[in-house]
Every structure is written in structure tokens, then in C-alpha cells.
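Reading through the C-alpha cells given below for one structure.
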């Protein structure tokens, strides 16, 4: 009877709170041996109980630094059970594989002959020998809601079991809805409109460790932004005879425009939180010197203090975080033909009459000398094509500067020992030329 009652209680709780998750436990194992080779034999550690007050990145780094010290790890509470994961090097592409963007990788038998396998997203590396030019479309933004400090807030009577929901929107008008551009969790739809963090029980200073993956639109505008909604989750249902308690109560909003002066914002941010969400909230701007904000009237939590910390990571072959490269692409686009190919090089259109070039565009062109070699390699085909396009559509004086930049870029790639990239680009251009003539 006791077990049946427990099952019924659990079923009721699942129906009420099934969409929310709490940290339960964690375990770890080395991925590589001390020699640097892939470790295919080691077992996972015991499952350690998650301490909701020690979920921050710095805490996990400290725990992992003590990972091989039994005298310290034995002090942690363990959970009965074990985790078994097979790790093997893959020599060939598995059938029915999907890219991180959920695009099928050929060959992709249909109907499927295997369970779908999703490739892990590789973040851009900094080692020159491992960087490859971008040759396929990818436009992902990873968002990390880190922490919220509600310890001193007085706007809400209950704000303890806190969860953060992330949305991507393209309007701040009243009644605006979120875009279906967030990758869902396994088992749910491919893309959804919202993703929530875990819930940290009775914690007014939650430190989340969640990652939200967003498919960015290719045509970002100044109205695209991230909207963060903070909610208190009522763990216990109302007792018999009492008024029903809503499961989720909103206790604040914060927002972050994705672009600033036409450039994608990728730096970590600390933001204030509003107690409500007014229409046209994107027009709210700080006046500076602690004089408040301009725009619609808004009631701030904790006296406008920046209590929310969030960071982002861009993985994109079409957007970049380098200011010099961004400025050049923005200013040089007006010099290219409006029809046909948008770039020169392999797909160059016929040159048109020389276009006048303004001082800013010339300055942005010369600033390409300051590009890091890693950025040059990653955007090499696109950058060289764009330079060829500009070269065909400007006068001789500007063409001289374009040629100098091209020589510098090619020299940087060669000096980095990546002449394989130059050979590949030359080969592709020749093949394109032969195909075009045919």
C-alpha cells in the first residue's frame, strides 16, 4: 500500500512539474590518456550528488582538479548506480548521420538503416594547424545563462525556486511572439520557441550551467534580441481547500539586442532585470552617470543593479566577431554588382565601371592588414572572393591597395605553413573556370 501511495504521489508531481528539471548527479572520466591518445578503456567515476549551491564553472573546475585525490572525492555524497559509455574512434561516417545543424550527411539511406547519429559541434580552435576554411553554411549562437542575484530583491514575495527561459525575438511590440529557432532537447522537436534552464530549489542566487543552442537568421536586424524570463516554480501544490497555486510565476525579465552598430554582440554581459515587460522595451537606454533610463517607464528589480550574468559563443561561417573583417564586408558590399555573383574570385561577374570609394571603405580595406592569421584562414575563400570583386569594380588607385592587401593575406597564410589552403583555392577556381567555359 505504501509503495502504491508513493507511486500515485510521484505521478501527480510528474503531471504538475514534469516540464521542469533539477540537477541530480554528475560523474566524469578522462577522454585522453596522459600520452594524448584516446582513452577507450577507463570507467566513469561514481555518480556524485549535485550540490545546488556549487554548480558554477569555478566549482566544477575545482572538483575536477581534485578528481584523482581519493581523500577529497570520498567526502562527496554518492548515488547508487553507474554510467557506461562506449568511446571508440570512428574511421568512417556512420549511415544516417546528421550535422550539428541536423542536416543529413550523405549517404543517408531513406528509410533509415541505422538510428540517427548527430555530430558534435566543433568549436573554432585557435591552433593554426587545425583551422580549416569555412566551406559550408553554419550560423549557431550558444547562450549560457550563468547566474542571477536575487538575494536583495524586494519586488517579489516569492523568488526562490528560480528558472530562466530563453527566447529569440524579432520584435518588442506588445503581443510579439518568439521565433522557432532554438534547438530542442533530445526526444522533442528539432526546433522550438523557448528553452529553460534547470530549477535550483530554495536558491535566490542560482548558478545555472545550461547551454542553449540557437539557429541564427541569416538576415539579422537591430530588432533581433534575446529575451530572458525568470520564474519562480511552486514545488508544492495547494493543500485541500486552499486556492490553487500557479506552478510558474514570472519574477522578472531581461533582454539583450543581438547587434550593436550592425555587429553581432558576443561578449559576456551583466544586465539589469525588469519586474515587468513594457512594450517597446528595446528603446530603453541608460542615460549614464546613474541618471536612470530613457524610453518607456519600467520598474526595475533591485534598484537597476546588473544582477544577471550571461555569455555567448558564436559558431558561424557567415558572421564573424572580428571588427576589421566585419567593417570591410559591410562597407565593400556597395561596390559589388547587384546582379549575378555577390563576390569576385571564382564566381566573379563581369566588371562594371569603376565605382567611387569613400574614405571609410578605404580605411576598412587597409585595416585588413591587422587581421589575425586564424581569421584569415577561416574566411579565406570568402575574403579573397570579396577582394577580387572589389578589385574589378574600383579605380586604379584603390586597386593598388586591394592588391597590397591580397599579397599580405596570401603571405600570412604561406608563412603560417598553410600553403595547402592556397593550393585548394587555386584548384577550385580552375575547376570553376573550366566548368563555366563548357
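Residue numbers (the UniProt record's numbering): 1 to 438. Ideal placement from N, C-alpha and C gives every residue a C-beta, glycine not left out. Since this is a predicted model, take the numbers as computed values, not measurements.
A direct Cα-Cα distance of roughly 16 Å separates residue 18 from residue 164. Here the C-alpha atom of residue 199 lies approximately 11 Å from the C-alpha atom of residue 24. The beta-carbon distance between residue 214 and residue 237, rounded to whole angstroms, is 34 Å. This is too long to meet the 8 Å contact definition. Ranked by Cα distance from residue 143, the first of 209, 379, 323 and 278 is 209.
When the alpha-carbon of residue 269 is set against those of 255, 43 and 319, the nearest one is in 255. In the three-state reduction of the DSSP assignment, residue 421 falls in the helix class, which pools H, G and I. Contact annotation: the stretch 255 to 267 does not touch the stretch 191 to 205, with fewer than three C-beta pairs closer than 8 Å. Taking a C-beta distance under 9 Å as the contact criterion, residue 385 and residue 328 do not qualify as a contact pair. Counting only the Cα atoms, residue 218 lies some 13 Å from residue 259. Take residue 31, set aside five residues on each side of it, and the residues of its chain with a beta-carbon closer than 8 Å to its own are 38, 39 and 87, in chain order.
Under the three-state reduction of DSSP output, residue 164 falls in the strand class.
Per DSSP, residue 243 lies in no beta strand (DSSP E) and is assigned neither H nor E. In the DSSP assignment, residue 313 falls outside any alpha helix (DSSP H) and within the unbroken beta strand (DSSP E) covering 306 to 316. According to DSSP, residue pairing for residue 370 in a beta bridge does not occur. Rounded to whole angstroms, the gap between the alpha carbons of residue 421 and residue 67 is 41 Å. Between the beta-carbon of residue 405 and that of residue 387 there is about 6 Å, and that keeps the pair under the 8 Å contact cut. Contact between residue 232 and residue 162 is confirmed by a C-beta separation of about 6 Å, below the 8 Å threshold. If you look at residue 61, you'll find it in the alpha helix (DSSP H) that goes 57 to 65.
Around the C-beta of residue 359, fewer than 16 other C-beta atoms lie within 10 Å, and the residue is accordingly described as exposed. Residue pairing from DSSP places residue 207 in a beta bridge opposite 147.
In the DSSP annotation of this structure, the continuous segment of the beta strand (DSSP E) that includes residue 231 starts and ends at 225 to 233. At the C-beta level, residue 394 and residue 325 stay beyond 9 Å of one another.
Here residue 49 is exposed, its C-beta having fewer than 16 other C-beta atoms within 10 Å. Per DSSP, the continuous alpha helix (DSSP H) segment holding residue 412 begins and ends at 396 to 415. Distances from the alpha-carbon of residue 22 to those of 14, 309 and 225 put 14 closest.
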